[in-house]
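Asks:
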Amino acid sequence: MPMRRAAALVLILCLLQAAGCAGERRQARAVTLTGAGATFPFPLYTRWIEEYTSRTPGVVINYQSIGSGAGVRQLLAGTVDFGASDTPMTDAELARAPSPVLHIPAALGAVAVTYNLPELRRPLRLTPEVLADLFLGRVTRWDDERLKAANPGVDLPDRAVMVVHRSDGSGTTEIFTAYLSRVSPRWREEVGKGKAVDWPVGIGAKGNEGVTGQVRLTAGSVGYVELVYAVRNGLPVARLRNGEGNFVAPGVASVRAAADAAAGTLPPDLRVSIVDAPGPDSYPLSAFTYILVYRDQPDRRRGEELARFLWWAVHDGQRFNEGLHYAPLPPAVVARVEEALRQMNHRGAPLLPR
Numbered sequence: 631m632p633m634r635r636a637a638a639l640v641l642i643l644c645l646l647q648a649a650g651c652a653g654e655r656r657q658a659r660a661v662t663l664t665g666a667g668a669t670f671p672f673p674l675y676t677r678w679i680e681e682y683t684s685r686t687p688g689v690v691i692n693y694q695s696i697g698s699g700a701g702v703r704q705l706l707a708g709t710v711d712f713g714a715s716d717t718p719m720t721d722a723e724l725a726r727a728p729s730p731v732l733h734i735p736a737a738l739g740a741v742a743v744t745y746n747l748p749e750l751r752r753p754l755r756l757t758p759e760v761l762a763d764l765f766l767g768r769v770t771r772w773d774d775e776r777l778k779a780a781n782p783g784v785d786l787p788d789r790a791v792m793v794v795h796r797s798d799g800s801g802t803t804e805i806f807t808a809y810l811s812r813v814s815p816r817w818r819e820e821v822g823k824g825k826a827v828d829w830p831v832g833i834g835a836k837g838n839e840g841v842t843g844q845v846r847l848t849a850g851s852v853g854y855v856e857l858v859y860a861v862r863n864g865l866p867v868a869r870l871r872n873g874e875g876n877f878v879a880p881g882v883a884s885v886r887a888a889a890d891a892a893a894g895t896l897p898p899d900l901r902v903s904i905v906d907a908p909g910p911d912s913y914p915l916s917a918f919t920y921i922l923v924y925r926d927q928p929d930r931r932r933g934e935e936l937a938r939f940l941w942w943a944v945h946d947g948q949r950f951n952e953g954l955h956y957a958p959l960p961p962a963v964v965a966r967v968e969e970a971l972r973q974m975n976h977r978g979a980p981l982l983p984r
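Per this note's numbering: the sequence shown = residues 631 to 984.
Take a look at the structure:
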């Protein structure tokens, strides 16, 4: 009996030791990837990360929604595995990178113009010129004659306009100001475009979340946010007049129309703006949102896991886009992204199968 108990004890100890070793090996194999940047795609990236990591044991992905400008800075500083931006990096930013940066279009989204006018029972319609003049402070009341002309039959309130804009460096701001610079010579000359600009009027709020919250709290306000933030918070969105003269609402179909119109003009590095895209159904404030990664990965294991996650995101992950009000990538764009991802390497060795 003592010998049997001793043998059983030895067996238990061996099993515990084996389990401990297996746990140590699993822990050693675990990889944590970190990313930071745009608030525009944050709801989508959160869903992607939940789905992917639930299917991929040993991989943890953390994403900080801190704005496109901060995401680019962290990528350049080497403190994250990937950055995220709603607009491409500039030539000057790319020149500061220690190695080539790949721009990976992740999804398509819309910058929505949202407002707090509880008196309205029909969606507000805005022409490009009036939209620019609202944010220039040249249209100061909601019953302005030019707003009435674009909204026939609508009883616009006798209420002051309160502009809400981003206070942080933002790709959403760059999309918005690039559009205003394109359609309004006055905006182009007096303000210009960029992730951060010197706003003529209004109050600032941080992130898409901050602008959404401020518009919700302020009657008579108008701001710009990624569409999903307006939808989730029950805020109305304006119809914008596009280049064909049609007033178009932001949505998956109108963003896809803008992307299809621009798909044939994608440059080799995939850095492109699709604001004010041609076509009768195109929404004027449409954009790609990008994940930014170094082509030459310093760590093979981390680079492999990052490449696999991005491959999944632009294939399987696209099925989650529409439910969150993002448009999936067109097939022609996915093919171009595949070419870019296959460039990822560690010391010249590819990280994905050729």
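Glycine is no exception: its CB is placed at the ideal position from the N, C-alpha and C atoms.
Thinking C-beta only, is residue 913 closer than 8 Å to residue 960?
Replies: Not closer than 8 Å, so no.
Asks: Locate the beta strand (DSSP E) running through residue 573, then write down its first and last residues.
Replies: Given that the chain is displayed from residue 631 to residue 984, the structure contains no residue 573 and the question cannot be resolved.
Asks: Go through its chain and collect everything with a Cβ distance to residue 729's Cβ below 7 Å, but skip five positions before and after it.
Replies: Hits under 7 Å: 924, 925, 926.
Asks: Three-state secondary structure (DSSP) at residue 734?
Replies: Note: residue 734 maps to strand in three-state DSSP.
Asks: To test your reading of the DSSP string, which unbroken beta strand (DSSP E) runs of 3 or more residues are found completely within the region 722 to 776?
Replies: Whole beta strand (DSSP E) segments, 3+ residues: 731 to 745.
Asks: Would you identify the three-state DSSP class for residue 921, choosing helix, strand or coil?
Replies: Three-state DSSP puts residue 921 in a strand.
Asks: Drop a sphere of 10 angstroms on the beta-carbon of residue 721, count the other beta-carbons inside from all chains shown, and report buried for 16 or more, exposed for fewer.
Replies: Exposed: under 16 other Cβ atoms inside 10 Å.
Asks: Our contact map puts residue 922 next to residue 713 with C-beta atoms below 8 Å; I'd like the distance itself, whole angstroms only.
Replies: Yes, residue 922 and residue 713 are in contact; Cβ-Cβ is about 4 Å, under 8 Å.
Asks: What are the start and end residues of each continuous beta strand (DSSP E) run of 3 or more residues lying completely inside the region 908 to 956, in chain order?
Replies: Entirely contained in the region 908 to 956, the beta strand (DSSP E) runs reaching 3 residues are, in chain order, 916 to 924.
Asks: Compare the beta carbon distance of residue 930 and residue 661 with 8 Å and say whether it is the shorter of the two.
Replies: It is not a contact, given that the beta carbons lie outside the stated cut-off.
Asks: Smallest Cα separation from residue 761: which of 889, 973, 815?
Replies: Ranking 889, 973, 815 by Cα distance to residue 761 puts 815 first.
Asks: Do residue 671 and residue 736 have their C-beta atoms closer together than 8 Å?
Replies: Result yes, Cβ atoms of residue 671 and residue 736 sit closer than 8 Å.
Asks: Given this structure, state the Cα-to-Cα distance separating residue 705 from residue 771, to the nearest angstrom.
Replies: One C-alpha to the other measures close to 42 Å.
Asks: Can you tell me whether residue 872 is buried or exposed? The criterion is at least 16 other CB atoms within 10 Å of its CB, across all chains shown.
Replies: Buried: at least 16 other Cβ atoms inside 10 Å.
Asks: Out of 889, 703, 834, which one is the CA nearest neighbour of residue 665?
Replies: Cα-wise, what sits closest to residue 665 is 703.
Asks: Could you pull out every residue in the same chain whose Cβ sits closer than 8 Å to the Cβ of residue 723, ignoring the five residues on either side in sequence?
Replies: Counting only Cβ-Cβ distances below 8 Å, and skipping sequence neighbours, we find 702, 706.
Asks: Is it true that the region 791 to 801 meets the region 835 to 853, where meeting means three or more beta-carbon pairs spaced less than 8 Å apart?
Replies: Contact between the region 791 to 801 and the region 835 to 853 is present, because at least three Cβ pairs lie under 8 Å.
Asks: With distances taken Cα to Cα, identify the nearest neighbour of residue 744 among 824, 944, 957, 852.
Replies: For residue 744, the nearest C-alpha among the options comes from 852.
Asks: Check the C-beta distance from residue 716 over to residue 919 and give it rounded, since I have them as a contact under 8 Å.
Replies: The Cβ separation is near 5 Å, so the contact holds.
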